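Chemist: Encoded as structure tokens, here's the structure I'll be asking about.
Numbering (our numbering), first residue to last: 3 to 185.
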């Protein structure tokens with residue numbers, strides 16, 4: 003895992019790097035197809051903006067030390083990755099997954115130990131509560147505005163969900179294809 007300063011720098015530049023990665027992926031397709039336009043995922047763009055706002059405003063999170071702030075930043079990356087942690091999403095959003103791998107210096111969510119994973123989510127939940135309580139402050143308002151309405155619920159669902167293991171195509175396909183015995 004990177005140190006706090008590296009993680010904060012990656013987060014501050016996340017939107018620009020994400021847009022550049024998607025533009026690079028879809029620019030090659032423009033030569034072959036002119037009738038399919040790239041429609042950006044607005045939820046993904048919103049989360050990229052949220053990551054940047056958290057990185058810009060995390061220094062105002064005075065109740066926390068550097069380690070807790072690092073857990074918050076790691077938590078927002080983990081939260082976003084968790085939402086796109088499937089084979090289909092890997093295929094559709096490979097620039098996002100590659101960027102998250104680069105930011106966190108890991109290849110999959112399963113590389114994070116369970117304790118750290120839970121600590122990151124708990125730190126992010128506490129941070130979101132703090133943002134809700136302090137939204138009146140001008141420095142915190144951009145973070146509050148960028149947070150999706152369903153974020154607290156999604157974080158709690160993720161916190162109590164089973165730990166994400168490495169996904170693979172064969173296990174996912176075997177779960178989707180159910181062969182029932184006639185006996």
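Backbone N, C-alpha and C define an ideal beta-carbon position, used for all residues, glycine too. Treat the numbers as computed from the prediction; the structure is a model and nothing was measured.
(1) Which word fits residue 76, buried or exposed, when buried means at least 16 other C-beta atoms lie within 10 angstroms of its C-beta?
(2) Go through its chain and collect everything with a Cβ distance to residue 84's Cβ below 7 Å, but skip five positions before and after it.
(3) Quick one: complete beta strand (DSSP E) runs, 3+ long, within the region 113 to 159?
(4) Along the alpha helix (DSSP H) that carries residue 84, what are the first and last residues, could you check?
(5) Count the CB pairs spanning the region 91 to 98 and the region 63 to 80 that are closer than 8 Å, and state whether there are at least three.
(6) Measuring alpha carbon to alpha carbon, tell me which residue in 164, 6, 16 is nearest residue 51.
(7) From the beta carbon of residue 140, is the nearest beta carbon of chain D less than 8 Å away?
(8) Within its chain, find whatever has a CB closer than 8 Å to the CB of residue 107; leave out the 5 residues flanking it on each side and keep chain order.
(9) Look at residue 59 and residue 113 and say whether their C-beta atoms are less than 8 Å apart.
(10) Go through its chain and collect everything with a Cβ distance to residue 129's Cβ below 6 Å, but skip five positions before and after it.
Modeler: Taking the coordinates as given:
(1) Along the chain shown, one-based indexing puts residue 76 at 74. Residue environment analysis places residue 76 among the buried positions, since at least 16 neighbouring C-beta atoms fall within 10 angstroms of its C-beta.
(2) Here residue 84 refers to the residue found at position 82 when the chain shown is read from its first residue. Answer for residue 84: 111, 160, 166, listed in chain order.
(3) Complete beta strand (DSSP E) runs here, min 3: none at all.
(4) As a working mapping, residue 84 is identified with position 82 in the chain shown. Counting along the chain, the alpha helix (DSSP H) containing residue 84 begins and ends at 68 to 85.
(5) Not touching, per the Cβ criterion.
(6) Position 49 of the chain shown, counted from the first residue, corresponds to residue 51. When only C-alpha atoms are compared, the closest one is 16.
(7) Annotation note: the requested chain D is absent from the structure, which comprises a single protein chain.
(8) Within the chain shown, residue 107 is the residue found at index 105, counting from 1. The residues are 3, 4.
(9) Numbered from 1 along the chain shown, position 57 holds the residue referred to as residue 59. Numbered from 1 along the chain shown, position 111 holds the residue referred to as residue 113. Between residue 59 and residue 113, the C-beta gap is not smaller than 8 Å, which leaves the two residues out of contact.
(10) Taking the chain shown and counting its residues from 1, the one referred to as residue 129 is at position 127. Cβ neighbours of residue 129 beyond the five flanking positions: 74.
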